[in-house]
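Asks:
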Amino acid sequence: MTAKILSLNVNGRDETILCDGLTTLQEVLRDQLGLLTSVKDGCTQGGCGSCSVLVDGELWLSCLAPVAALAGRAVMTLEGLKQSAGIAAIQQSFIDNSAAQCGFCTPGMILTVKALLDANPEPSHDEILEALSGNLCRCTGYLPIVEAVKDAAARLSGGADAARASEGREG
Amino acid sequence: MASEAPKAEALNVVGQPVKLRDLKKHVGGQTSYCDDLRFPRMLHLKMHRSVQPHAKLLAVDTAAAARSEGVVRVLTHADLPGGELWSGLATVGGAGDEPVLASDKVRWKGEAIAAVVARTPEQAEAAAAKVKVRYEPLPAVFDVEEALAAGAPNLIAHWPGNHYIFGDDHAAAQIRLGDVEKALAEADRVVENVYQTSPIEQAPLETIGCVAVPDGDGRYTVHTGSQSLSSTLKSVAAYLGLPANRLRFVSGSVGGGFGGKADLAVEVTATLAAIKTGRPVKYRYTREEEMFASSTRAAWRVYIKDGVMNDGRIVARKVTTYHDSGAYLRMSNYGAMKHSTHWPGPYTVANVWVDVYCVFTNRTPSGAMRGFGIMPASFAIEVQMDRVAKAIGMDPWRLRLLNAYRNGDMRGHHRAVKDAAMIETIQATAKLSEQNLTGDLQSLSSWRQKAG
Ligand code: FES
Ligand code: FES
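Residue numbers (this note's numbering), protein chains in the order written: chain A, 256 to 426; chain B, 3 to 454.
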C-alpha cells in the first residue's frame with residue numbers, strides 16, 4: 256500500500272503522520288505518536304467506545320477512523336484535555352461517585368461526557384443514557400457513571416454552590 | 003461457634019465507604035495496562051486456530067506463513083522442548099492434559115495450532131491465515147451426558163470415560179450425608195427438576211494479553227494481565243522446562259478479569275517466542291478471540307430430587323450434576339470440587355447425596371468466572387426452592403427462612419456452619435422490598451436454633 260504523509264493537530268501540537276489508506280487514528284495515537292495510551296483498544300471494531308477521542312470537539316471512535324481522512328483536523332485525547340474547561344469537574348465527579356473500577360473504559364467515558372456537556376450543559380436522564388450508549392463498561396455498572404454525569408453537569412452549570420453541595424456528598 | 007451477632011459499632015471496615023486508590027489515575031487516563039506497554043524491537047504473535055471441533059492433524063504446513071511479509075518465526079508443537087501437556091492446576095497436583103500448541107489432534111474449534119511472530123500485528127495475522135492444516139475429522143460430542151454414554155468418541159486417552167477422575171478412582175466428586183433414599187421414601191412429597199446453564203464469556207473490556215521480554219541474561223520478564231501471577235509463572239517454567247528463577251512476572255492494572263484471566267492462556271507461547279527470537283513478544287487476544295477462544299464459564303446440567311414435608315422442611319436433597327469442562331481440564335476439577343461442597347445450598351438438609359461429574363466435550367474449554375462452580379448450583383437451588391414452595395403451597399420467603407442454615411448446622415460435606423447470615427440477609431431483603439414477614443419469621447436468627 257502506498258504510504259502518505261499528512262499533518263494532524265494532536266493535543267494542540269502539529270504532527271506529521273505517516274499512514275496508508277487503512278491506518279486508523281487509534282494506531283497513530285497509540286503507536287506512532289508515542290504512548291497516548293489513554294486511548295484504549297477494547298475491540299478494534301467500533302463496539303466498545305474505549306478508544307473515543309474528540310475530533311474538532313466532536314466524539315469519534317478512533318479505531319474506526321482512517322487517519323488519511325483527517326488531514327488538518329484537531330484531535331484531542333484525555334492527555335491533551337488536562338487544562339480544558341470542565342474536565343477537572345468531570346474527573347472529580349467520576350471519583351466522588353466511584354464511577355470506575357478497572358478503569359479501562361474510563362478515559363473513553365470521560366471524553367464522551369465532555370462532548371456531551373460541551374454540547375448540552377443540562378442533559379436529561381435519557382440524553383445521558385443516549386450519550387453513553389456507545390461506551391461499554393464491564394465492571395462498574397452504569398448507575399454510578401450516570402450519577403457522575405449528573406453530578407458533573409450540576410458542578411459545571413450550577414457554579415460554586417453546586418460544586419460545594421456535591422463536594423459534601425458521600426462517595 | 004459464635005453465640006451472638008457482632009455489634010455494628012464494633013465494625014470499622016464493614017459498612018464504611020472505601021475509595022479505590024487508583025481512581026485518580028483512571029480518570030486521568032494514566033493507568034497503564036499490559037497492552038499499553040511498548041518495547042524496542044517488539045514483535046507480535048498471532049495464532050492459527052483449529053476450524054474443526056475434533057480432528058486428527060495430518061499435516062501442518064507453515065512454509066507460506068514463514069515466507070509472509072514481516073514474519074520472524076513460526077512456532078508449532080515441535081518447538082516445545084518436551085512436547086509437554088499442561089493444565090491450570092498441573093503444577094499443584096492436577097493432571098496436565100492440554101498441549102500448548104496442538105500436536106496430533108485438535109479437540110475444540112479454536113484450539114491453538116501454529117503461532118506466527120511478526121513485526122506488526124497485521125503482518126502476523128495475515129501470515130497466520132496462510133498456515134495450511136490438513137485435518138481428518140473425527141466424530142465430536144457436544145453434550146455432557148452423551149459424552150459419558152458408552153460408545154461416545156473419546157477425546158483424551160488420559161481420560162478414558164471422558165470425565166475427570168477425582169481422588170484415585172472416583173468418576174464423580176461425591177457428597178454423602180445421612181440416608182437420602184430413606185428420607186425420600188418417607189417424605190410427604192418429592193420435587194424433581196433439571197436445570198441447565200449456558201457457557202458465558204467473562205468479557206473483560208481489556209482482552210487477555212502479555213508481553214514476554216528477554217532480559218539479555220537468559221532470563222525473561224513477562225508483563226501480563228493474568229489474574230494468577232504466581233501459578234502462571236510456575237506453569238510457564240514447568241512447560242518450557244525452565245527453572246523458575248529464569249522468569250520474572252510483572253502484573254499491572256488488570257482491565258477486568260471476572261475469572262477469565264485466571265487460566266494460563268498466552269504466557270507459555272509468548273515466552274517461547276521470546277526465547278526463540280530473542281526479542282520482546284506481545285501476544286494479545288483480539289476481541290474476536292476473547293469471545294470464542296478464551297475459557298468461558300462452564301455450562302452445567304443439574305438434576306435435583308428433593309424430599310419435602312408438608313410443613314416446609316426439606317428432608318432430602320439428591321443431586322447429580324454435569325460440569326461441561328470443554329475439551330480440556332484447565333481448572334475445572336477445582337470448580338467442580340467447589341460446586342460439590344456448596345450443596346445443599348445455604349439451607350440445612352439432613353440427608354444429602356451429590357455426584358458431580360467433570361465431563362470432557364468438544365466445546366471451548368471452560369474456566370473460572372465469578373463464583374466458580376457456585377453460580378450454577380445457586381441458580382438451580384433457588385429456582386428449585388420456588389418450585390418446592392409452589393408444590394406444597396407455601397410462601398417462598400417462609401420456605402427459605404424455615405430451611406435456612408444456622409451456625410452449628412451440618413453441611414453436606416460434614417463441616418459445621420460458621421458465620422451464617424442467610425436468615426438476616428433474607429430479613430433485610432424483605433424489609434427493603436416491603437415484604438411483611440410474620441412475627442415468627444422475623445424472630446429467626448442465625449445464632450439461635452429456634453424461633454423466639
Ligand atoms: S476499540 Fe474502538 S470502539 Fe472498541
Ligand atoms: S471500569 Fe472496567 S470496564 Fe469500566
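Every residue, glycine too, gets a C-beta built ideally from N, C-alpha and C.
1) Provide the residue span of the beta strand (DSSP E) that contains B:Gln198, from first to last.
2) Note down, in chain order, each residue of its chain lying with its Cβ closer than 8 Å to the Cβ of A:Thr292, except the 5 sequence neighbours on either side.
3) Is the beta carbon of A:Gly276 sitting closer than 7 Å to the one on A:Gly335?
4) Does the distance between the C-beta of A:Ser305 and the nearest non-hydrogen atom of ligand 1 fall short of 6 Å?
5) At 7 Å on the CB atoms, spell out the chain A contacts of B:Tyr35, in chain order.
6) Extract the residue ranges of the alpha helix (DSSP H) inside the stretch 267 to 295 of chain B, only unbroken runs of 4 or more that lie entirely within it.
7) Is B:Met371 near B:Arg299, with beta carbons less than 7 Å apart?
8) How do the stretch 132 to 139 of chain B and the stretch 339 to 356 of chain B stand: do at least 3 beta-carbon pairs fall below 8 Å, yes or no?
9) Using a Cβ cut-off of 8 Å, pull out every chain B residue sitting near A:Asp373, in sequence order please.
10) At the 7 Å Cβ level, is B:Arg43 part of the contact set with chain A, yes or no?
11) Please say whether B:Ala423 and B:Val193 have beta carbons closer to each other than 7 Å?
12) Is DSSP giving B:Met49 helix, strand or coil here?
13) What are the complete alpha helix (DSSP H) segments, minimum 4 residues, inside the stretch 117 to 200 of chain B?
14) Rounded to a whole number of angstroms, what is the C-alpha to C-alpha distance between B:Arg315 and B:Ile167?
15) Use the C-beta contact count for B:Glu138: other C-beta atoms within 10 angstroms, 16 or more gives buried, fewer gives exposed.
16) Rounding to the nearest angstrom, what Cα-Cα distance links A:Glu377 and A:Gly413 in this structure?
17) Across which residues does DSSP place B:Tyr349 in a beta bridge pair?
18) For A:Glu422, decide whether its Cβ has a neighbour in chain B, counting only Cβ atoms nearer than 7 Å.
19) Ends of the beta strand (DSSP E) at B:Gly259?
20) In the DSSP output, which residue or residues are listed as bridge partners for B:Asn310?
21) Which runs of the beta strand (DSSP E) spanning at least 3 residues fall entirely within the stretch 64 to 91 of chain B, listed in chain order?
22) Tell me, please, whether the stretch 336 to 356 of chain A touches the stretch 380 to 391 of chain A by the rule of three or more beta-carbon pairs shorter than 8 Å.
23) Please report how far the alpha carbon of B:Gly2 lies from the alpha carbon of B:Gly373, in whole angstroms.
24) Which value, in whole angstroms, describes the spacing of the CA atoms of A:Thr395 and B:Leu47?
25) Would you mind giving the Cβ-Cβ distance between B:Leu103 and B:His79, rounded to the nearest angstrom? I have them listed as a contact below 8 Å.
26) Can you tell me where the beta strand (DSSP E) holding A:Lys259 begins and where it ends?
27) Hey, is B:Asp181 close to ligand 1, as in C-beta under 6 Å from one of its heavy atoms?
28) Please report the straight-line C-alpha distance between B:Glu113 and B:Pro201, rounded to a whole angstrom.
29) Check the Cβ-Cβ distances between B:Gly31 and every residue of chain A, and say whether any is below 7 Å.
30) Would you say B:Gln229 touches ligand 2, meaning its beta carbon is less than 6 Å from a heavy atom?
31) Tell me whether B:Lys111 is buried or exposed, calling it buried when 16 or more other Cβ atoms sit within 10 Å of its Cβ.
32) With a threshold of 7 Å between beta-carbons, can A:Thr430 be considered close to chain B, or not?
33) For A:Leu314, which residues of its own chain have a beta-carbon under 7 Å away from its beta-carbon, when the five flanking residues on both sides are left out?
34) Could you tell me the distance, in whole angstroms, from the CA atom of A:Ala408 to the CA atom of A:Cys298?
35) Can you give the Cα-Cα distance for B:Lys184 and B:Val310, rounded to whole angstroms?
36) By the three-class DSSP mapping on this structure, what secondary structure does A:Ala418 have?
Replies: Checking against the coordinates, here is how it stands:
1) To locate residue 198 of chain B, count along the second sequence from 1; it is residue 196. Where B:Gln198 is concerned, the enclosing beta strand (DSSP E) stretches over Arg191 to Gln198.
2) Locating residue 292 of chain A in the first sequence gives position 37, counting from the first residue. Only Arg285 meet the Cβ criterion.
3) Looking up residue 276 of chain A in the first sequence gives position 21. Looking up residue 335 of chain A in the first sequence gives position 80. The answer is no: Cβ separation not under 7 Å.
4) Within the first sequence, the letter at position 50 stands for residue 305 of chain A. Result yes, Cβ under 6 Å from ligand 1.
5) Numbered from its first residue, the second sequence carries residue 35 of chain B at position 33. In chain order: Phe359.
6) 269 to 279 and 289 to 295
7) For the purposes of this step, residue 371 of chain B is taken as the residue at position 369 of the second sequence. For the purposes of this step, residue 299 of chain B is taken as the residue at position 297 of the second sequence. Yes.
8) Counting C-beta pairs closer than 8 Å gives fewer than three between the stretch 132 to 139 of chain B and the stretch 339 to 356 of chain B, which falls short of the contact rule.
9) One-based indexing of the first sequence puts residue 373 of chain A at position 118. None at all; the shortest Cβ gap to chain B is about 18 Å.
10) As a position in the second sequence, residue 43 of chain B is number 41, starting the count at 1. Not closer than 7 Å to any Cβ of chain A, the Cβ of B:Arg43 fails to qualify, so no.
11) Your numbering for residue 193 of chain B matches position 191 in the second sequence. Your numbering for residue 423 of chain B matches position 421 in the second sequence. Contact flag unset, no.
12) Start at 1 with the first residue of the second sequence, and residue 49 of chain B comes out as number 47. Strand.
13) 123 to 130, 146 to 150 and 182 to 188
14) Counting from one through the second sequence, the residue named residue 315 of chain B turns up at place 313. Counting from one through the second sequence, the residue named residue 167 of chain B turns up at place 165. Distance between the alpha carbons of B:Arg315 and B:Ile167 is about 35 Å.
15) Working through the second sequence from its first residue, we reach residue 138 of chain B at position 136. With fewer than 16 other Cβ atoms within 10 Å, it is exposed.
16) Taking the first residue of the first sequence as 1, we reach residue 377 of chain A at position 122. Taking the first residue of the first sequence as 1, we reach residue 413 of chain A at position 158. Taking the straight line joining both Cα atoms gives about 10 Å.
17) The sequence position of residue 349 of chain B within the second sequence is 347, counting from 1. Answer is B:Ala406.
18) Locating residue 422 of chain A in the first sequence gives position 167, counting from the first residue. For A:Glu422, the predicted model reports a pLDDT of 48, less than 50, meaning its position is unreliable; a value from the coordinates is still stated below. Closer than 7 Å: no.
19) Translated into positions along the second sequence, residue 259 of chain B becomes position 257. Neither: B:Gly259 is in no beta strand (DSSP E) and is coded neither H nor E.
20) As a first step, residue 310 of chain B is located in the second sequence; it is residue number 308 there, counting from the start. In the sequence on display, residue 310 of chain B carries Val and not Asn. Partner(s): B:Arg191 and B:Ile316.
21) Taken in chain order, the complete beta strand (DSSP E) segments of 3 residues or longer contained in the stretch 64 to 91 of chain B are 73 to 77.
22) no
23) One cannot answer for residue 2 of chain B here, as it falls past the ends of chain B, which runs 3 to 454.
24) What you label residue 395 of chain A is simply residue 140 of the first sequence in a count that begins at 1. What you label residue 47 of chain B is simply residue 45 of the second sequence in a count that begins at 1. In a straight line, the C-alpha of A:Thr395 is about 31 Å away from that of B:Leu47.
25) In the second sequence, residue 103 of chain B corresponds to position 101, counting from 1. In the second sequence, residue 79 of chain B corresponds to position 77, counting from 1. The Cβ separation is near 5 Å, so the contact holds.
26) Walking along the first sequence from the start, residue 259 of chain A turns up at place 4. A:Lys259 -> beta strand (DSSP E) spans Lys259 to Val265.
27) Residue numbering aside, residue 181 of chain B sits at position 179 when the second sequence is read from its first letter. No; taking the cut-off as 6 Å, the Cβ of B:Asp181 has no heavy atom of ligand 1 nearer than that.
28) Position 111 of the second sequence, counted from the start, is the residue given in the question as residue 113 of chain B. Position 199 of the second sequence, counted from the start, is the residue given in the question as residue 201 of chain B. Whole-angstrom Cα-Cα distance: 17 Å.
29) On the second sequence, position 29 is the one that residue 31 of chain B refers to. By this cut-off, B:Gly31 is an interface position.
30) As a working mapping, residue 229 of chain B is identified with position 227 in the second sequence. No, the Cβ of B:Gln229 stays beyond 6 Å of every heavy atom of ligand 2.
31) Position 109 of the second sequence, counting from 1, holds the residue named residue 111 of chain B. When all chains shown are included, B:Lys111 counts as buried.
32) Look at the range of chain A in this structure, 256 to 426, and you will see that residue 430 of chain A is not part of it.
33) Taking the first residue of the first sequence as 1, we reach residue 314 of chain A at position 59. So the list reads Ser307, Leu366, Thr367 and Ala370, once near-sequence residues are dropped.
34) In the first sequence, counting from the first residue as 1, residue 408 of chain A sits at position 153. In the first sequence, counting from the first residue as 1, residue 298 of chain A sits at position 43. If I take the Cα positions, the gap works out to 29 Å.
35) Looking up residue 184 of chain B in the second sequence gives position 182. Looking up residue 310 of chain B in the second sequence gives position 308. So the alpha carbons of these two residues sit roughly 13 Å apart.
36) Locating residue 418 of chain A in the first sequence gives position 163, counting from the first residue. Since pLDDT at A:Ala418 reaches only 47, below the 50 mark, its modelled position is unreliable, and the value read off the structure follows with that caveat. DSSP places A:Ala418 in helix when its eight states are reduced to three.
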